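K.L.:
First the structure, which I've put down as structure tokens, then a few questions once you've had a look.
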Amino acid sequence: MLGTLKPIASSELELMRSWRNAPAVRKNMYTTHEISAEEHMSWWNRIQGRKDCEYFMYYLDESPEGVVGFTQIDSIHRHAFWAFYAGPEARKGTGGRMEYLALEHAFSVLNLNKLNCEVLSFNLPVIKLHQKFGFLEEGVFRSHHRVGGEWADVHRLAIFSDQWAAHRDEMCLKLSSFFRK
Numbered sequence: 001m002l003g004t005l006k007p008i009a010s011s012e013l014e015l016m017r018s019w020r021n022a023p024a025v026r027k028n029m030y031t032t033h034e035i036s037a038e039e040h041m042s043w044w045n046r047i048q049g050r051k052d053c054e055y056f057m058y059y060l061d062e063s064p065e066g067v068v069g070f071t072q073i074d075s076i077h078r079h080a081f082w083a084f085y086a087g088p089e090a091r092k093g094t095g096g097r098m099e100y101l102a103l104e105h106a107f108s109v110l111n112l113n114k115l116n117c118e119v120l121s122f123n124l125p126v127i128k129l130h131q132k133f134g135f136l137e138e139g140v141f142r143s144h145h146r147v148g149g150e151w152a153d154v155h156r157l158a159i160f161s162d163q164w165a166a167h168r169d170e171m172c173l174k175l176s177s178f179f180r181k
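In full-length UniProt numbering, the protein residues as written are 1 to 181.
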């Protein structure tokens with residue numbers, strides 16, 4: 001079972017914020033300060049009703065495990081950005097499951113041609129995960145973002161709908177066999 005993506009409900013906002021503030025999550029984000037309840041609610045209120053972003057809670061066996069977000073959704077040019085993070089207690093393999101479901105949503109529901117993401121250079125496990133799913137690196141923005149007083153490169157990766165169509169069944173089989181073990 002891969003799990004499901006459900007639109008985030010307001011009752012889940014505090015859980016989402018607690019995960020986002022976890023040191024293991026925060027260190028891999030552009031915004032690394034602890035997000036206050038007020039700041040989080042302000043962000044949530046700003047995105048309500050917008051057509052250019054969507055946020056989901058990832059559930060596995062009815063248990064919330066992570067967050068998936070799509071931003072800069074452009075339905076005319078059919079591209080968007082996405083990001084995700086798992087809760088600190090998420091089960092092994094949560095990232096792969098979320099990535100599969102995110103790609104399905106991007107290309108089957110949003111009908112995108114291209115899905116982009118950006119990853120800080122020191123987050124190698126996520127760069128490798130994206131590459132396993134068929135993402136290709138489009139470029140590296142050198143010394144692009146400051147993290148803890150140091151400059152970090154940002155890797156821009158993307159996958160196109162036809163690349164996902166070619167990888168989709170293979171990735172489903174790999175995920176299924178991995179989780180049967």
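Beta carbons are placed, not taken as given, at the ideal position from N, Cα and C, and that holds for glycine. The model shown is predicted, which means the values in this text are computed figures rather than measured ones.
(1) Look at residue 94 and residue 59 and say whether their C-beta atoms are less than 7 Å apart.
(2) Following the continuous beta strand (DSSP E) through residue 51, name the residue where it begins and the one where it ends.
(3) Answer yes or no: do residue 86 and residue 70 have a C-beta to C-beta separation smaller than 7 Å?
(4) Sort 127, 42, 160 and 48 by Cα distance to residue 83 and report the nearest one.
(5) Please identify the residue among 144, 91, 101 and 136 whose C-alpha is closest to the C-alpha of residue 114.
(6) Looking only at DSSP bridge pairs, what is residue 159 linked to?
(7) Could you give the DSSP three-state label for residue 36: helix, strand or coil?
(8) Return the Cβ separation of residue 66 and residue 175 in integer angstroms, given the expectation that the two are a contact with Cβ distance under 8 Å.
(9) Between 102, 25, 40 and 91, which has its C-alpha nearest residue 54's C-alpha?
(10) Let's test the definition: count the other Cβ atoms within 10 Å of the Cβ of residue 173 and tell me whether it reaches 16, buried, or not, exposed.
(11) Using 10 angstroms around the beta-carbon of residue 76, count the other beta-carbons present and answer buried if the total reaches 16, otherwise exposed.
P.N.:
So, from the listed chains and residues:
(1) Start at 1 with the first residue of the sequence shown, and residue 94 comes out as number 94. Start at 1 with the first residue of the sequence shown, and residue 59 comes out as number 59. No, these two residues do not count as a Cβ contact at 7 Å.
(2) The sequence position of residue 51 within the sequence shown is 51, counting from 1. It is not in any beta strand (DSSP E) - residue 51 carries neither H nor E in the DSSP assignment.
(3) As a working note, residue 86 is residue 86 in the sequence shown. As a working note, residue 70 is residue 70 in the sequence shown. The answer is no: Cβ separation not under 7 Å.
(4) If you number the sequence shown from 1, residue 83 lands on position 83. Closest by alpha carbon: 127.
(5) By one-based count along the sequence shown, residue 114 stands at place 114. From the listed residues 144, 91, 101 and 136, the smallest Cα separation to residue 114 is found for 136.
(6) Against the sequence shown, residue 159 aligns to sequence position 159. In the DSSP assignment, the residues bridged to residue 159 are 115.
(7) Taking the sequence shown and counting its residues from 1, the one referred to as residue 36 is at position 36. In this structure, residue 36 counts as coil in the three-state DSSP scheme.
(8) Position 66 of the sequence shown, counted from the start, is the residue given in the question as residue 66. Position 175 of the sequence shown, counted from the start, is the residue given in the question as residue 175. Taking the Cβ atoms as the reference, residue 66 lies roughly 15 Å from residue 175, outside the contact range of under 8 Å.
(9) Translated into positions along the sequence shown, residue 54 becomes position 54. Among 102, 25, 40 and 91, the Cα nearest to that of residue 54 belongs to 102.
(10) Within the sequence shown, numbered from 1, the residue matching residue 173 stands at position 173. Label assigned to residue 173: exposed.
(11) The residue you call residue 76 lines up with position 76 of the sequence shown. When all chains shown are included, residue 76 counts as exposed.
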